[in-house]
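Shown next, in structure tokens, is the structure this report addresses.
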Amino acid sequence: MTSHTNNIAELIDRGRISYQQILIVLLCLIFNMVDGFDITAMAVTVHQIGEDMQLGADKLGLVFSFSLAGMMLGAMFLASLSDVIGRRTMIILSLLLVGSTVLMTAWANSLIMLIALRFVSGLGAGAMLASVATLAAEYSPERFRALSVTAVTAGYPLGAMMTGLVASSVMPDFGWQGMFIAGGSITIGLALLAFLLIPESLQFLSKKQPKGALNKVNATLTRLSRETLSALPAIDERGSIVEADRQNILEKMFSLLTPELRRSTLILWMSFFLCISTLYFLMSWVPKLFINLGYAPEVGNMAFSVFNFGGVLGIITLGYLASRWMLSSLITIFTVISAVLMWVFAAAASFDAGQLILMILIFVIGFSLQGGYTGMYAVAAKIYPIEIRSTGVGWAIGLGRFGAVIGPGIAGYMIAGGLSITTNFLTFAIPMLIGGILAFQLRVR
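When you line the sequence shown up against this note's numbering, it's residues 1445 to 1889, in that order.
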């Protein structure tokens, strides 16, 4: 049946969500999950790599920081290409870039080589995060959009959780190199899966209207069990949409700071920056911090998995609650709770509360911190129009990741300087608290 409307968003919002839409969101989650595994593999191998290459915590902190700098630049610049070449193409290229450089990391034999490969892996990961979140948003009905975006971004901590579990099985037999060989090989395989199964964004095709766009749109609508279109939306040569479509990448970036978007953009950037500095302090150093408390490396890996398992549950919980309550309010509640619990963890560690208590606390911190932080991806996807959505999401992630660059690096010097676990947790709880309070100002449902 041919629809009388040519509004893609309206067709997506109509009726029940289809199996094909669920598959797209699920595949985006899997791509993000492998991305999370690849990037956080360094966290569970850092102790062994440091011993093999005779690198101290300050030098290893630089490796983390350059990896996250790559993610920052990838989200800011490579992800913006998604608004030009398409979400599908960007996802495939990102998977190939991450997979190949992670695989080569297994043969790194110097600090410079390690930094260079992790930086390039980060470039691909940053582009991936923004692209899959955007694609999931554009294939989801409005009422499920926040849930879909948060579910996809849950893939990153889910992959990170698998990192700790896989490390305990792989590293005893294959060393730290085995982690990178496994992660890189699987990621390259998933690039082929993306090529075969991921369609281009319908809204992107509708706005750009490349050759054969109507046939591609209708083929995808048929797979979604939606009515097909008789024609694509007419392009008004005088319209602002066309003007936005014709902008180059730099112009799209500046459009994020137009008067109607400036306030939301600046608040979003600051919230991302503050919250992610705390998140990546924990994502990078939890195993090492537990080892410094006197526990075995296996306990450190378990704590890392528990932290990220809590994150997965927290992200899904926030996504579910966002369909009923205001998203920005939920983000504030989750992040404030996580900051308070980090102070509780600091006190428990200083009084030697025991492994079980610390594991419970790190689980709940992961639940609240990652749940609250990831909700901001959904906020970014809702704030920006289709023409600059990937650019908006990418720049929020990218500028926020400047905090991810700074956080682990500062923590590395703090740890190398002999500062206690208590001091680290007390310090990094503060930006999480402030970032969550700022997010409340966005007032996004």
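The beta carbon of each residue, even a glycine, is placed where N, CA and C say it ideally should be.
If I1859 and A1501 are in contact, beta carbons under 8 Å, what's the gap, nearest whole angstrom?
In the sequence shown, counting from the first residue as 1, residue 1859 sits at position 415. In the sequence shown, counting from the first residue as 1, residue 1501 sits at position 57. Confirmed, Cβ separation roughly 5 Å.
List in chain order: all unbroken alpha helix (DSSP H) runs of 4+ residues lying wholly within the stretch 1538 to 1596.
1555 to 1582
For a test of the three-state rule: what should DSSP assign to T1672, helix, strand or coil?
The sequence position of residue 1672 within the sequence shown is 228, counting from 1. It is a strand residue.
Does the Cβ of V1702 have 16 or more other Cβ atoms within 10 Å, making it buried, or fewer, making it exposed?
The sequence position of residue 1702 within the sequence shown is 258, counting from 1. Residue identity check: residue 1702 is Thr in the sequence provided, not Val. With fewer than 16 Cβ atoms within 10 Å of its Cβ, T1702 is classed as exposed.
Three or more C-beta pairs below 8 Å linking the stretch 1595 to 1609 and the stretch 1759 to 1768
yes
Got a sec? Which residues, its chain only, sit under 6 Å from A1574 by beta carbon, not counting five neighbours each side?
Looking up residue 1574 in the sequence shown gives position 130. A1519, A1523, S1834, V1837, G1838, I1841.
Considering Y1821, what are the terminal residues of the alpha helix (DSSP H) in which it resides?
In the sequence shown, residue 1821 corresponds to position 377, counting from 1. Its alpha helix (DSSP H) spans residues 1799 to 1827.
Relative to the C-alpha of S1526, which residue among G1514, L1547, E1582, F1510 is closest?
Position 82 of the sequence shown, counting from 1, holds the residue named residue 1526. Of G1514, L1547, E1582, F1510, the residue nearest in Cα terms is E1582.
Best match in I1781, F1795, W1769, G1810 for proximity to L1591 [C-alpha to C-alpha]:
One-based indexing of the sequence shown puts residue 1591 at position 147. Closest option to L1591, judged by alpha-carbon separation, among I1781, F1795, W1769, G1810: W1769.
Taking only three categories from DSSP, how would you classify M1770?
Taking the sequence shown and counting its residues from 1, the one referred to as residue 1770 is at position 326. Here M1770 sits in coil by DSSP.
Is D1502 helix, strand or coil when you go by DSSP?
Numbered from its first residue, the sequence shown carries residue 1502 at position 58. Reduced to three states, the DSSP call for D1502 is helix.
For A1824, which residues from the same chain have a beta carbon less than 7 Å from its beta carbon, with the 5 sequence-adjacent residues on both sides left out?
Here residue 1824 corresponds to residue number 380 of the sequence shown, with the count starting at 1. Once the five neighbours on either side are set aside, the close Cβ partners of A1824 are L1712, G1836, V1837, A1840.
Determine the DSSP secondary structure at F1795, reduced to helix, strand or coil.
For the purposes of this step, residue 1795 is taken as residue 351 along the sequence shown, with counting starting at 1. F1795 falls in the coil class under three-state DSSP.
Return the residue from the list F1753, A1793, L1537 that minimises the CA-CA distance to T1631.
Counted from its first residue, the sequence shown places residue 1631 at position 187. The shortest C-alpha separation from T1631 is found at L1537.
Which listed residue (I1801, L1882, L1863) has its alpha carbon closest to that of M1820:
Reading the sequence shown from its first residue, position 376 is the one you call residue 1820. Ranking the options by Cα distance to M1820, first place goes to L1882.
DSSP state of G1838 mapped onto helix, strand, coil:
Start at 1 with the first residue of the sequence shown, and residue 1838 comes out as number 394. Three-state result, G1838: helix.
8 Å Cβ cutoff met for L1540 and A1635
Counting from one through the sequence shown, the residue named residue 1540 turns up at place 96. Counting from one through the sequence shown, the residue named residue 1635 turns up at place 191. Yes, the Cβ-Cβ distance between L1540 and A1635 is below 8 Å.
Kindly indicate which three-state DSSP category R1706 falls into: helix, strand or coil?
Translated into the one-based positions of the sequence shown, residue 1706 becomes position 262. Reduced to three states, the DSSP call for R1706 is helix.
Same chain only: Cβ atoms within 7 Å of R1587, ignoring 5 sequence neighbours per side:
Start at 1 with the first residue of the sequence shown, and residue 1587 comes out as number 143. For R1587, where only same-chain residues beyond five positions count, the Cβ hits under 7 Å are S1767.
On the three-pair Cβ rule with 8 Å, is the stretch 1846 to 1853 touching the stretch 1506 to 1521?
Under the 8 Å Cβ criterion, the stretch 1846 to 1853 counts as touching the stretch 1506 to 1521, having at least three qualifying pairs.
Simplified DSSP assignment, three categories, for K1652
If you number the sequence shown from 1, residue 1652 lands on position 208. Helix, per DSSP.
If you compare alpha carbons, which of T1818, L1737, P1852 is closest to G1798?
One-based indexing of the sequence shown puts residue 1798 at position 354. Among T1818, L1737, P1852, the Cα nearest to that of G1798 belongs to L1737.
Could you check the C-alpha separation between L1665 and E1671 for me, to the nearest Å?
Looking up residue 1665 in the sequence shown gives position 221. Looking up residue 1671 in the sequence shown gives position 227. Whole-angstrom Cα-Cα distance: 7 Å.
For the alpha helix (DSSP H) containing E1495, name the first residue and the last one.
Position 51 of the sequence shown holds residue 1495. 1463 to 1497 is the extent of the alpha helix (DSSP H) around E1495.
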